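All remarks here apply to the structure that follows.
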Amino acid sequence: MPIQYYITLAACLFCIGIVGVLVRRNAIIIFMCIELMLNAVNLLLVAFSKMYHGAAFAHDATSTTGIDGQLFVFFIMVVAAAEVSVGLAVIVMMYRNVHSVDVNFLNRLKN
Amino acid sequence: MTNLVFLVPLFPLLGFLINGLFRKQLSKPAIGVIGCGALLASFVVSVMLFANQLHAPKLASGTYPSTSVLFSFINISSFKIQFAFLVDALSSLFLLIITGIGFLIHVYSTSYMHDEPTEHYGRYFAYLNLFVFSMLLLVLGGNYVIMFIGWEGVGLCSYLLIGFWFKNNNYSNAAKKAFVMNRIGDLGFLLAVFWLLAKVGTVEYSEVFTRVSQLSKVDIGAITLLLFVGAAGKSAQIPLYTWLPDAMAGPTPVSALIHAATMVTAGIYMIARSNVLYSLAPCTQHIVAIIGLATALFAATIAIKQNDIKKVLAYSTVSQLGYMFLGLGVGAYTGAVFHVMTHAFFKALLFLGAGSVIHAMHHEQDIRKMGGLRKKLRVTHFTFLMGCLAISGIPPFSGFFSKDEILAAAYAHSPIYWGIGVVTAGLTAFYMFRLYATTFLGTFRGTHDQEHHLHESPKAMTIPLIILAILSVIGGAVGVPEILWGDHHLHSFLSGSITTEQAHHIEHSTEYLLMGVSVAIAALAILFAVNRFSKKPELEEATGLGKVLQNKWYVDEIYDAVIVNPLLKLADVLKNIIEKSGIDGIVNGVGRFVHYASRQLRLLQSGLVGSYILVIVLSIVVLFLVFWNQTIILQFVQKIF
Numbered sequence: 003m004p005i006q007y008y009i010t011l012a013a014c015l016f017c018i019g020i021v022g023v024l025v026r027r028n029a030i031i032i033f034m035c036i037e038l039m040l041n042a043v044n045l046l047l048v049a050f051s052k053m054y055h056g057a058a059f060a061h062d063a064t065s066t067t068g069i070d071g072q073l074f075v076f077f078i079m080v081v082a083a084a085e086v087s088v089g090l091a092v093i094v095m096m097y098r099n100v101h102s103v104d105v106n107f108l109n110r111l112k113n
Numbered sequence: 002m003t004n005l006v007f008l009v010p011l012f013p014l015l016g017f018l019i020n021g022l023f024r025k026q027l028s029k030p031a032i033g034v035i036g037c038g039a040l041l042a043s044f045v046v047s048v049m050l051f052a053n054q055l056h057a058p059k060l061a062s063g064t065y066p067s068t069s070v071l072f073s074f075i076n077i078s079s080f081k082i083q084f085a086f087l088v089d090a091l092s093s094l095f096l097l098i099i100t101g102i103g104f105l106i107h108v109y110s111t112s113y114m115h116d117e118p119t120e121h122y123g124r125y126f127a128y129l130n131l132f133v134f135s136m137l138l139l140v141l142g143g144n145y146v147i148m149f150i151g152w153e154g155v156g157l158c159s160y161l162l163i164g165f166w167f168k169n170n171n172y173s174n175a176a177k178k179a180f181v182m183n184r185i186g187d188l189g190f191l192l193a194v195f196w197l198l199a200k201v202g203t204v205e206y207s208e209v210f211t212r213v214s215q216l217s218k219v220d221i222g223a224i225t226l227l228l229f230v231g232a233a234g235k236s237a238q239i240p241l242y243t244w245l246p247d248a249m250a251g252p253t254p255v256s257a258l259i260h261a262a263t264m265v266t267a268g269i270y271m272i273a274r275s276n277v278l279y280s281l282a283p284c285t286q287h288i289v290a291i292i293g294l295a296t297a298l299f300a301a302t303i304a305i306k307q308n309d310i311k312k313v314l315a316y317s318t319v320s321q322l323g324y325m326f327l328g329l330g331v332g333a334y335t336g337a338v339f340h341v342m343t344h345a346f347f348k349a350l351l352f353l354g355a356g357s358v359i360h361a362m363h364h365e366q367d368i369r370k371m372g373g374l375r376k377k378l379r380v381t382h383f384t385f386l387m388g389c390l391a392i393s394g395i396p397p398f399s400g401f402f403s404k405d406e407i408l409a410a411a412y413a414h415s416p417i418y419w420g421i422g423v424v425t426a427g428l429t430a431f432y433m434f435r436l437y438a439t440t441f442l443g444t445f446r447g448t449h450d451q452e453h454h455l456h457e458s459p460k461a462m463t464i465p466l467i468i469l470a471i472l473s474v475i476g477g478a479v480g481v482p483e484i485l486w487g488d489h490h491l492h493s494f495l496s497g498s499i500t501t502e503q504a505h506h507i508e509h510s511t512e513y514l515l516m517g518v519s520v521a522i523a524a525l526a527i528l529f530a531v532n533r534f535s536k537k538p539e540l541e542e543a544t545g546l547g548k549v550l551q552n553k554w555y556v557d558e559i560y561d562a563v564i565v566n567p568l569l570k571l572a573d574v575l576k577n578i579i580e581k582s583g584i585d586g587i588v589n590g591v592g593r594f595v596h597y598a599s600r601q602l603r604l605l606q607s608g609l610v611g612s613y614i615l616v617i618v619l620s621i622v623v624l625f626l627v628f629w630n631q632t633i634i635l636q637f638v639q640k641i642f
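If you're matching them up, the sequences are chains A and B in order. Under my numbering, residues 3 to 113 are what the first sequence spells out, in order. Under my numbering, residues 2 to 642 are what the second sequence spells out, in order.
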């Protein structure tokens, strides 16, 4: 399957994520959209990794070239999980105080 | 002997330092002793130097006595200016006048200034000593640069002393006026020195005068004229004289010091010192003579109508200085120096006498409120009379000989000069005796309180008066001309320093006639003045010409209108328009712009997360497009440039 399909899918996912972040006000949905963007990136990493790994493997069966991208995916997932844990804590605290998860409500912090 | 010369200015300098630094710790008697002692010590050394000069072998014409070099002052490869002192006949004579009369004025001051608080008393004596120190430097300097240092020094000290009572605004303004006017003259002096340096490459007197042939006519003319501008500022000649009458704001002994022994005689000294140059510049000589004559007459007319006892004397000084410049202008350098000397005697006497009167009258200076002081202030009265007779040119008082020598030389030059000179002499006699008669004769016109407290001044004031009176009477003896069966001692004494005297040959019978006329005019003026003012002083307001004279020909007003006010207006424009809206506008504009811009930028910080992210996304898109089309953009840029 050509790499362009993966790229197109990832771009679409990423754009959906961005639009979601931009237009939605619910903090939890925004979080989910961010996850969507991260996953779009993950998809690309895996796809490129597989592509180059496959090319290298055909050349030399013992080569490990090209699996770095897949490792990065794990890192991103770990970081995303950490981010979510912190972010959720913030959201929970926010809900407890103002009984809302509307991010625009927080702009009064500017004063 | 000559190597002791550095002691002369050293003593007043030490006196200045001690009195200046410890003025709060020292007691008044200690301050007085230090101040006067410094001058006395200088005077003793000066007498020794003078005696040494008297017996020194006369140098041949065209050679100059060697200078005693203290240290090298400016030393740049081949260009050297030494800190050198020159002691010759001329400077040793001036040393005697400055330290001798300066000492008497110091002694007088101890009593006159006695009511000042100790701190100001010390400050006063420190200034006085510094003044004398500067003047000594001026006179002793072996080159024009050292002279200039002293020249500026006396300018500074006159500023400090005229504004001694600095809390009074008028006094400070008078001090500023003196300072600024002197600076105008100093510019001329400075330019002359630079011109000399450029053309001759040295400022040492001896070298300049022996290498004078290197200079072209134009150079000499310009240098002498510029020097004269300096002299006119310091010696209060037209048009730079108006500071001198205002200088009366300072304490009276200071006036005496400025007018008699220091400062205003600096210009005469400088020109007499540069006589070699001046004799080669006939055009400048004419200008000097005419300015001197005009000043003499002009100031004398103003003096006639002044009612402030010190102002009369001040204008009289301006007038007498005009005489001296007349003498210099017609080449009678000895006559001018002689008149400086006798004038120093009687003008110091008159000022100190006036101080004694003011002291007795509790700081009343208006002669219309005096009168009849003859019986109360016997010593002051008698000495003052001697001074008046001396300045009026009555034989055999000292002023007669010196004034007559100048008049005779003027006659040899041009009878018109002589005519104006004699008229001025008549005016001098008139206003001096108007002053004398109004102050000392008639009946007392002051308040009852003042009359009750009238008293003769203490010894410290009367003894200097007596000494000066004796000098004023007999001082002319050193210059009795040959036709009056004397031999001019001063002339032969100064012949070493003044090498280019223009001889004036007039018939003996003519000379007797000239003397007779001037004495007769002076005597008539005295009789008229005494007659007119002893009984009925002018209490009514002056009208017509008298009013113009009383207001000093409105010269101050003219200066204000022509120079001072336009300058103030210009300063106003600069301050209000250029400074406030121009420069301040730019500076404040920058600040206001930053302030405004930051207020606008703050609107972007809405706190809305969505808008932030939108900006981020748009920026990324723009960056993406930019990098995507990098080559196109680069080509585009290259096309432009």
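Here a beta-carbon is modelled for each residue, glycine too, at the ideal position from N, C-alpha and C. Predicted model only: the values in this text are computed from it and were never measured.
Report the rounded CA-to-CA distance for residue i versus residue j, giving the unit in angstroms.
i: Val155 of chain B; j: Leu91 of chain B; result: 19 Å
i: Met271 of chain B; j: Ala410 of chain B; result: 20 Å
i: Val627 of chain B; j: Leu635 of chain B; result: 10 Å
i: Pro655 of chain B; j: Ala127 of chain B; result: Absent from the model: residue 655 of chain B. The displayed extent of chain B is 2 to 642, so no value can be given.
i: Leu108 of chain A; j: Arg26 of chain A; result: 14 Å
i: Gly420 of chain B; j: Glu117 of chain B; result: 47 Å
i: Ser214 of chain B; j: Ala273 of chain B; result: 19 Å
i: Gly372 of chain B; j: His121 of chain B; result: 32 Å
i: Ala248 of chain B; j: Tyr242 of chain B; result: 11 Å
i: Ile614 of chain B; j: Ile579 of chain B; result: 49 Å
i: Asp220 of chain B; j: Ala57 of chain B; result: 34 Å
i: Glu37 of chain A; j: Gly592 of chain B; result: 46 Å
i: Phe84 of chain B; j: Asp561 of chain B; result: 41 Å
i: Ile176 of chain B; j: Leu351 of chain B; result: A quick correction: the sequence has Ala, not Ile, at residue 176 of chain B. Rounded to the nearest angstrom, the two C-alpha atoms are 22 Å apart.
i: Leu604 of chain B; j: Asn174 of chain B; result: 58 Å
i: Lys548 of chain B; j: Tyr555 of chain B; result: 10 Å
i: Thr632 of chain B; j: Val638 of chain B; result: 10 Å
I'd like the span of the alpha helix (DSSP H) that includes residue i, first residue to last.
i: Gln366 of chain B; result: Looking at the DSSP string, Gln366 of chain B is not in any alpha helix (DSSP H), and its letter there is neither H nor E.
i: Pro465 of chain B; result: Lys460 to Ile475
i: Gly447 of chain B; result: Segment: none, Gly447 of chain B is in no alpha helix (DSSP H) and carries neither H nor E.
i: Tyr412 of chain B; result: Ser399 to His414
i: Arg184 of chain B; result: Asn170 to Lys200
i: Thr1 of chain B; result: Any answer about residue 1 of chain B is impossible in this case: the structure gives chain B only from 2 up to 642.
i: Lys218 of chain B; result: Lys218 to Lys235
i: Gly611 of chain B; result: Val610 to Trp629
i: Asn53 of chain B; result: Lys29 to His56
i: Lys548 of chain B; result: Leu546 to Gln551
i: Lys25 of chain B; result: Segment: none, Lys25 of chain B is in no alpha helix (DSSP H) and carries neither H nor E.
Considering only DSSP beta bridges, list what residue i is partnered with.
i: Lys81 of chain B; result: B:Asn76
i: Asn28 of chain A; result: A:Asp104
i: Gly142 of chain B; result: B:Phe86
i: Glu558 of chain B; result: BP columns for Glu558 of chain B are empty, so no partner.
i: Glu205 of chain B; result: B:Asn144
i: Ser69 of chain B; result: B:Phe86
Pick out whichever of the options has its Cα sitting closest to the Cα of residue i.
i: Ala237 of chain B; options: B:Asp220, B:Thr225 and B:Ala261; result: B:Ala261
i: Leu40 of chain A; options: A:Phe76, A:Val100 and A:Tyr97; result: A:Phe76
i: Thr425 of chain B; options: B:Arg212, B:Ser43, B:Asn174 and B:Ile305; result: B:Ile305
i: Arg446 of chain B; options: B:Gln366, B:Val520 and B:Ser399; result: B:Gln366
i: Ile98 of chain B; options: B:Ser320, B:Leu615 and B:Thr266; result: B:Thr266
i: Cys158 of chain B; options: B:Ala52, B:Leu14, B:Arg212 and B:Ala233; result: B:Leu14
i: Asn106 of chain A; options: B:Leu609, B:Val34, B:Gln631 and B:Phe431; result: B:Leu609
i: Val479 of chain B; options: B:Ile641, B:Met342, B:Val319 and B:Tyr513; result: B:Met342
i: Ala223 of chain B; options: B:Ser403, B:Phe165, B:Ile288 and B:Asn171; result: B:Ile288
i: Asn53 of chain B; options: B:Ile564, B:Val6, B:Gly477 and B:Leu466; result: B:Val6
i: Tyr316 of chain B; options: B:Ile239, B:Ala282 and B:Gly356; result: B:Ile239
i: Leu258 of chain B; options: B:Cys389, B:Gly202 and B:Thr100; result: B:Thr100
Using 8 Å as the Cβ pair cut-off and three pairs as the minimum, do the region 289–298 of chain B and the region 381–395 of chain B touch? Cβ pair count under 8 Å is below three, so no.
Kindly confirm or deny that the region 354–362 of chain B and the region 327–344 of chain B touch, where touching means at least three C-beta pairs closer than 8 Å. No, they do not touch.
Answer yes if the region 6–13 of chain A comes into contact with the region 585–601 of chain B, meaning at least three C-beta pairs across the two stretches below 8 Å, and no otherwise. They do not touch, by the three-pair rule.
Measuring CB atoms only, is the region 485–495 of chain B touching the region 133–149 of chain B, in the sense that at least three cross pairs come out at less than 8 Å? The answer is no - the region 133–149 of chain B does not touch the region 485–495 of chain B, with fewer than three Cβ pairs under 8 Å.
Using a Cβ distance threshold of 8 Å, determine whether the region 428–448 of chain B contacts the region 521–538 of chain B, with at least three qualifying pairs required. They touch, by the three-pair rule.
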